[in-house]
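Chains as they are written, first to last, in the numbering used here: chain A, -16 to 76; chain B, -16 to 76; chain C, -16 to 76; chain D, -16 to 76; chain E, -16 to 76; chain F, -16 to 76; chain G, -16 to 76.
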Amino acid sequence: MMKPLGDRVIIRVLEKEEKTKSGIFLPDTAKEKPSEGEVVAVGAGKVYDNGQRVAPEVAVGDKVMFSKYAGTEVKIDGVDHLVISERDILAIL
Amino acid sequence: MMKPLGDRVIIRVLEKEEKTKSGIFLPDTAKEKPSEGEVVAVGAGKVYDNGQRVAPEVAVGDKVMFSKYAGTEVKIDGVDHLVISERDILAIL
Amino acid sequence: MMKPLGDRVIIRVLEKEEKTKSGIFLPDTAKEKPSEGEVVAVGAGKVYDNGQRVAPEVAVGDKVMFSKYAGTEVKIDGVDHLVISERDILAIL
Amino acid sequence: MMKPLGDRVIIRVLEKEEKTKSGIFLPDTAKEKPSEGEVVAVGAGKVYDNGQRVAPEVAVGDKVMFSKYAGTEVKIDGVDHLVISERDILAIL
Amino acid sequence: MMKPLGDRVIIRVLEKEEKTKSGIFLPDTAKEKPSEGEVVAVGAGKVYDNGQRVAPEVAVGDKVMFSKYAGTEVKIDGVDHLVISERDILAIL
Amino acid sequence: MMKPLGDRVIIRVLEKEEKTKSGIFLPDTAKEKPSEGEVVAVGAGKVYDNGQRVAPEVAVGDKVMFSKYAGTEVKIDGVDHLVISERDILAIL
Amino acid sequence: MMKPLGDRVIIRVLEKEEKTKSGIFLPDTAKEKPSEGEVVAVGAGKVYDNGQRVAPEVAVGDKVMFSKYAGTEVKIDGVDHLVISERDILAIL
């Protein structure tokens, strides 16, 4: 698996039928709607201005909700993934 | 319940009839008007430039007032919620 | 009373007839003109990059002058108030 | 006298005939031209990212030169004053 | 070999036929698509606000994925290379 | 002499015939061209985010080269001067 | 020789026929192309937010590659030089 740099993580994008049963459905409004995915790789974390690297809050295997327009798309073995900054992840499901 | 990341909290948006009896009504002017909600989940807090994470000031159960256009809408069990940064919460009611 | 978050304070907006007798009148020029009000609630203060929270300089009961276009309007018991960042308060009268 | 907040100071704007005899005259060019005034109140100073407040360099009674378009105009007892950030003061005359 | 400054690294851009066999293919969508390359030189790292220099996470020989529009193109012995900031490298393949 | 605030210095602008004999002539291209002057007053220096004030690198009497469009023009005893931030000074001649 | 301030260095711009024999040629694409030069003077370095000055990575005599549009042109004894921030230098050749 690829190793993301800094505060980046790699997410396998979940199709609608795969979505968690946590009962999350998105309303039909004009506001930004998040997407869901599963974390498959986690970077070492962001370096702060005191030179300290802080580990991300997410771990491999976490189901997460993230900003729809964030990240860079890649296909890994034909499957849609995203390389995304942890700051664009809204919540662990 | 979902676990929001960083300084984010999840808020159940209050309908008008649910609003607190604290006597807050919004004037009919052109200025931005806040909304109200109840905190249902709280992130671990923002990491500052010294690498220290500072816990949010709000707790689960707090009724809060927040900027109307802030946050990301999600439905949880059919109910409108918002994932919002604590910095967009104006006050605890 | 509501508890404002971070460096925010809540101000009861003073009507013209209530204004302090300190002799402050605003000139009729194109420059931005400040408004006046009384502080009714004070947040815990801003967190700085060293993770330290610094208490605001204003206290409940202070009469203050603030930027006219700053803050978010709310009505409390039918009276106009503003939730405003302390950095938008110019001076204690 | 009002107490300005943070790094703000209050300046009584000097009319042309009052100007200091230091021989400062402004050239007729397109560049920004400064104004002159007398400091009548000084804030406690700016808080830096280490949480430390640093006192302003100016004191009450100093004659100063400041950016023409900076600050917020107020009239105190009918006299033009400016509430201005210390960073917009160029020099003590 | 050139020595890149700060947080920069030099990357030999991989042609399509050279691409790693990790099974990464890019989807045909409107989102930004990354490129691939091999790190051939690494800078001493970025200096943070505490005056500390932090070494990059990548090393010479790493195959990396980077933002398509990042960096400055140079030819070294007729071969396409990029001088790129480490922050524009998404992941080590 | 005026006392500039913060990282500002006051420069007497050198006329062309006064220019240093260091052999500096400006090319006739579209790029920004620096001006020359002599430092006549120096501020106490910029305060950094750790609350520490760092003295400027220039001293009274230094001949300096500075960005042509930087600073605020003042006339002192009829002579063109500039109040300028030290960061807009390129070099000591 | 002039003494550049802060993180600035002075570079003698290399003409094409002078260019290093390291085999660097620039491709004919739309991307930004770097220029080459020789460092002739080095500033004391940038001051970071902890008040510490960090010396530049380059030294007098280094051949460097820099962003084509960076810096301020000066002629020294009739020869084209650039005053440039170290952060605009990409690599030591």
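Just so you know, even glycine gets a beta-carbon here, dropped at the ideal spot from N, CA and C.
Counting only beta-carbon atoms, is E/G34 nearer than 7 Å to chain G?
yes
Does the pairing of the region 30 to 37 of chain D with the region 32 to 45 of chain F give three or more beta-carbon distances under 8 Å?
yes
Based on Cα-Cα distance, which residue from D/M(-15), D/L73, D/G44 lies nearest to D/Y52?
D/L73
Under the rule that 16 or more other beta-carbon atoms within 10 Å means buried, what is B/V25, buried or exposed?
Taking all protein chains in view, the Cβ of B/V25 is crowded by 16 or more other Cβ atoms within 10 Å, so the residue is classified as buried.
Should B/V62 be labelled buried (16 or more other beta-carbon atoms within 10 Å of its own) or exposed?
exposed
Just curious, the beta strand (DSSP E) that G/E19 is in, first and last residue?
It spans 17 to 25 - the beta strand (DSSP E) in which G/E19 sits, taken as one unbroken run.
Could you name the residues of the same chain whose beta carbon sits closer than 7 Å to that of D/M(-15), not counting the 5 residues immediately before and after it, in chain order?
I(-7), A24
Starting from D/A53, trace the beta strand (DSSP E) in both directions and tell me its first and last residue.
That residue, D/A53, is in no beta strand (DSSP E); it is neither H nor E in DSSP.
Locate the beta strand (DSSP E) running through B/R(-9), then write down its first and last residues.
-9 to -4
Under 7 Å Cβ to Cβ from B/V66, same chain only, skipping five residues before and after it: list those, please.
Correct list, in chain order: P(-13), R(-9), I(-7), G54, T55, V57.
Does any residue of chain G bring its CB to less than 7 Å from the CB of F/I(-6)?
no
Exposed or buried, which one is D/A13 when buried takes at least 16 other CB atoms within 10 Å?
Reliability fails at D/A13, whose pLDDT of 40 lies under 50, so the model's placement of it is uncertain and the value that follows must be treated cautiously. Exposed, since its Cβ has fewer than 16 Cβ neighbours within 10 Å.
Could you check whether the Cβ of G/A38 sits closer than 7 Å to any Cβ belonging to chain E?
Interface flag for G/A38 against chain E is unset, since no Cβ pair is found closer than 7 Å.
Using alpha carbons as the reference points, say which of F/D60, F/V(-4), F/A38, F/R70 lies closest to F/S18.
Closest by alpha carbon: F/V(-4).
Give a yes or no on whether 7 Å exceeds the smallest Cβ distance from C/K(-14) to chain B.
yes
Identify whether G/D71 lies in helix, strand or coil by the three-state DSSP scheme.
Looking at G/D71 - three-state DSSP - the assignment turns out to be helix.
Compare the C-beta of D/V30 against all C-beta atoms of chain C and say whether one is closer than 7 Å.
yes
Measuring alpha carbon to alpha carbon, tell me which of A/I59, A/D60, A/G28, A/G20 ends up nearest A/G44.
When each option's Cα is compared against that of A/G44, the closest is A/G20.
In chain order, what residues of the same chain have a beta carbon less than 6 Å from the beta carbon of A/A38, not counting five sequence neighbours either side?
G28
By how many angstroms is the C-alpha of D/M48 removed from the C-alpha of F/I59?
13 Å
Take A/D71 and list the residues in its own chain whose beta-carbon comes closer than 7 Å to its own, dropping the five residues that flank it on each side.
F49, S50, A53, G54
Can you find a CB in chain E that lies within less than 7 Å of the CB of G/L65?
no
Are any of the Cβ atoms in chain D nearer than 7 Å to that of C/A74?
yes
Taking C-beta pairs closer than 8 Å, name the residues in chain B that C/R(-9) reaches, listed in chain order.
L73, A74
D/V41 by DSSP, collapsed to three states: which one?
coil
Quick one: using the 10 Å Cβ neighbour count with 16 as the cut-off for buried, is A/E83 buried or exposed?
As displayed, chain A neither begins before -16 nor continues past 76, which places residue 83 of chain A out of reach and without an answer.
Going by other Cβ atoms of all chains shown within 10 Å of its Cβ, with 16 needed for buried, is F/E40 buried or exposed?
buried
From A/A42 to A/E(-2), what distance separates their C-alpha atoms?
20 Å
By Cβ distance, which residues of its chain are closer than 6 Å to G/H64, with the 5 residues on each side in sequence left out?
I(-7), R(-5), V57
Can we count F/L(-12) as close to the ligand HEM, meaning its CB is less than 6 Å from some heavy atom?
This structure lacks the ligand HEM; in fact it carries no ligand of any kind.
Look up D/L(-12) in the DSSP assignment and say whether it is helix, strand or coil.
coil
What is the DSSP secondary structure of B/L76, counted as helix, strand or coil?
Judged by DSSP in its simplified three-state form, B/L76 adopts coil rather than helix or strand.
Does G/D32 come out as helix, strand or coil in the three-state DSSP assignment?
coil
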